[in-house]
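Here the numbering used here = 1-based position in the sequence shown + 299.
Just so it is clear, CB atoms sit at the ideal spot from N, CA and C, and this is done for glycine as well.
Written below as structure tokens is the structure these notes are about.
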Amino acid sequence: EGVEFITNTSIGVDITADQLMKDFDAVVLCTGATKPRDLPIAGRELNGVHFAMEYLSKNTRSLLDSGLESTHYQNSPVENFINAEGKKVVVIGGGDAGNDCLGTAMRQKCASLINLEIVPPPPS
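As structure tokens, this is what we get:
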């Protein structure tokens, strides 16, 4: 009993789909969006503008390296660490990655936080 995570694996190369179905009762494919979608907008090239996965992966690395210390972001040794503490933060986009960025910025004690997301209008 239990859960086994298999990462960095190419189905059809490292293991066949048939082998997965033979060895496991259930298979969940979690592909995630690791390639950011850049926005062609004025100011995109400015310092302080980051992609979600860049921000989140550096924070996760810092948190794990610190032994899960809640103040890991204050003196992180992670190279090019992104710290939102005391900053005015705008998150453009939503979904899981956007929400993770919101939560991370709040935990880092950002000064303010705005989320911009395009959503369909509510039903009448």
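Start and end residues, alpha helix (DSSP H) containing residue i
i, result
"L401", "G394 to R406"
"K321", "A316 to D322"
"E353", "A351 to D364"
Minimum C-alpha distance to residue i - residue among the options
i, options, result
"S361", "D337, E353, E303 and Y372", "Y372"
"K387", "P339, A410 and D324", "A410"
Endpoints, beta strand (DSSP E) assigned at residue i
i, result
"L415", "S411 to L415"
"K334", "Neither: K334 is in no beta strand (DSSP E) and is coded neither H nor E."
"K387", "K387 to I391"
Identity of the residues DSSP links to residue i by a beta bridge
i, result
"I305", "DSSP output for I305 lists no bridge partner at all."
Near the ligand COA: residue i beta-carbon under 6 Å from a heavy atom
i, result
"E384", "Only the bare structure without any ligand can be found here, which leaves the ligand COA out of the picture."
Local Cβ density within 10 Å of residue i, reported as buried at 16 or more and exposed below that
i, result
"V326", "exposed"
"R374", "Contrary to the premise, residue 374 reads as Asn rather than Arg in this sequence. Classification for N374: exposed."
"N382", "buried"
"A341", "exposed"
>> For the structure I just gave you, are there three or more beta carbon pairs, one from the segment 410-419 and one from the segment 385-393, closer than 8 Å?
In response: yes
> With contact counted as at least three CB pairs below 8 Å, one residue from each stretch, are the segment 350-366 and the segment 394-403 in contact?
Replying inline: yes
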